[in-house]
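Only one structure is covered here, and it is reproduced in the block below.
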Amino acid sequence: MLPQQQRRQFLKYWVGGALGSVAWGFLRPMASPSRAVDLEALCTATPLNARCKDYLPGVQARDRNNKPLLAKQLLSTSTPGLPVRVQGLPEKKIAYLVITQGPKLAEYAIRPICSHQGCTVDWNAEIKRFICPCHGAQFDNQGQVFKGPAKRALPLVTVVVKQDQVRLVDRAPAKDPRG
Ligand code: FES
């Protein structure tokens, strides 16, 4: 083979290989199962995004009797400032929906896990606070510290209301909305 022919042959393989790599890099994410995870993250952060029209993130919140909750019905019977205990998260985790003025559902729910040493706190309807049975810490109806020894607020999970469903996403909001 003449040197010029060899150069041409080499260039053909080189260009073909480079184009193949670019195409593979472009197509691979489309075929990956992580696309579903991306949709979960996208639709949790921006439920009104056009790509999320038919996507319901997280799991449906359920009442004490394990009955799925519907947002309108729930709001018609709830009182602003009084958290509503729900279940449905993996591993039977409990959360408390936060009802604000309107009444409206906050975009977060409170996990009743004490930030001191991890005991489960209970909502006390009489004094309207979460009380920790272990060392007496108290938290207000937003989960903020009212009395120590706990120093940090109760943790949160994300709430998305869609198609009249109350969806619980087992992840804290990107920024704590309580400030
Ligand atoms: S674990 Fe709650 S106050 Fe200590």
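Quick note: the sequence shown uses our numbering, first residue 315, plus one each step. All residues carry an ideal CB built from backbone N, CA and C; glycine is no exception.
Using only the alpha-carbon positions, how far apart do residue i and residue j sit?
| i | j | result |
| --- | --- | --- |
| Val473 | Val483 | 6 angstroms |
| Arg479 | Asp436 | Before going further, note that residue 479 is Gln rather than Arg in the sequence given. If you take the alpha carbons of Gln479 and Asp436, they lie about 25 angstroms apart. |
| Gln415 | Pro394 | 5 angstroms |
| Lys461 | Arg365 | 44 angstroms |
| Ala451 | Ala409 | 18 angstroms |
| Pro469 | Lys381 | 24 angstroms |
| Phe453 | Asn438 | 10 angstroms |
| Lys476 | Phe444 | 28 angstroms |
| Leu370 | Leu396 | 26 angstroms |
| Asp368 | Lys386 | 19 angstroms |
Let's test the definition: count the other Cβ atoms within 10 Å of the Cβ of residue i and tell me whether it reaches 16, buried, or not, exposed.
| i | result |
| --- | --- |
| Ile413 | buried |
| Ile424 | buried |
| Thr391 | exposed |
| Ala464 | buried |
| Leu403 | buried |
| Gly372 | buried |
| Ala375 | buried |
| Pro447 | exposed |
Indicate, with yes or no, if the ligand FES has a heavy atom lying under 8 angstroms from the CB of residue i.
| i | result |
| --- | --- |
| Gln458 | no |
| Pro463 | yes |
| Ala451 | yes |
| Gln431 | yes |
| Val473 | no |
| Cys357 | no |
| Cys428 | yes |
| Cys366 | no |
| Val373 | no |
Among residues of its own chain, excluding the 5 on either side of residue i, which ones have a beta-carbon nearer than 8 angstroms to its beta-carbon?
| i | result |
| --- | --- |
| Arg466 | Ser429, Val459 |
| Glu421 | Thr472, Val473, Val474, Pro487, Pro491 |
| Leu389 | Ile413, Gly416, Pro417, Lys418, Leu419 |
In this structure, how does DSSP classify residue i when only helix, strand and coil are distinguished?
| i | result |
| --- | --- |
| Leu470 | strand |
| Thr360 | coil |
| Lys442 | coil |
| Lys406 | helix |
| Arg425 | coil |
| Gly339 | Here Gly339 scores only 48 on pLDDT, less than 50, and its place in the model should not be relied on; the value that follows carries that caveat. Note: Gly339 maps to helix in three-state DSSP. |
| Gln387 | helix |
Keeping to the same chain, check which residues put their C-beta closer than 7 angstroms to that of residue i; ignore five residues upstream and five downstream.
| i | result |
| --- | --- |
| Glu354 | Pro371 |
Apart from the five residues on each side of it in sequence, which residues of its chain come closer than 6 angstroms, Cβ to Cβ, to residue i?
| i | result |
| --- | --- |
| Pro361 | Val474, Lys476 |
Less than 8 angstroms between the CB of residue i and some heavy atom of the ligand NAD, yes or no?
| i | result |
| --- | --- |
| Val435 | The ligand NAD is not part of this structure, which contains only the ligand FES. |
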